[in-house]
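One gets the numbering used here by counting positions in the sequence shown from 1 and adding 1015 to each.
By construction, the Cβ of each residue, glycine as well, lies at the ideal position given by its N, Cα and C atoms.
Report on the structure given below.
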Amino acid sequence: MITNAEKAGPLIRALSGENLTTGVLVIDLVGDGTSAAHLRAQGAMDVVSSLDAATLQPLLRRALDFSALLTLEL
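Here's what the structure looks like:
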């Protein structure tokens, strides 16, 4: 899932309350003051501040790896 920094905390809490294993990527383009370290500690997969190809390529690779690992667990 991809969300903005403002909604990340409530989204991660809701997903963990349902015992769902979901990778959450957080986009913080405006730097609204939410600490990237805090979001990662809550369970965000990563926090990005730009949407250029150099930033997104490794994130998408990690997301695909994450999905593949979940599939193997089933």
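Query: Since V1062 contacts A1051 with CB under 8 Å, what's their CB separation in whole angstroms?; Result: 4 Å
Query: Are L1054 and I1017 close, meaning C-beta to C-beta below 9 Å?; Result: no
Query: Measuring only the C-alpha atoms, how far is S1031 from P1025?; Result: 10 Å
Query: In its own chain, which residues sit with a C-beta less than 6 Å from the C-beta of G1058, not counting the 5 before and 5 after it?; Result: I1027
Query: Identify whether T1037 lies in helix, strand or coil by the three-state DSSP scheme.; Result: coil
Query: Going by beta-carbon coordinates alone, are L1040 and S1064 separated by less than 9 Å?; Result: no
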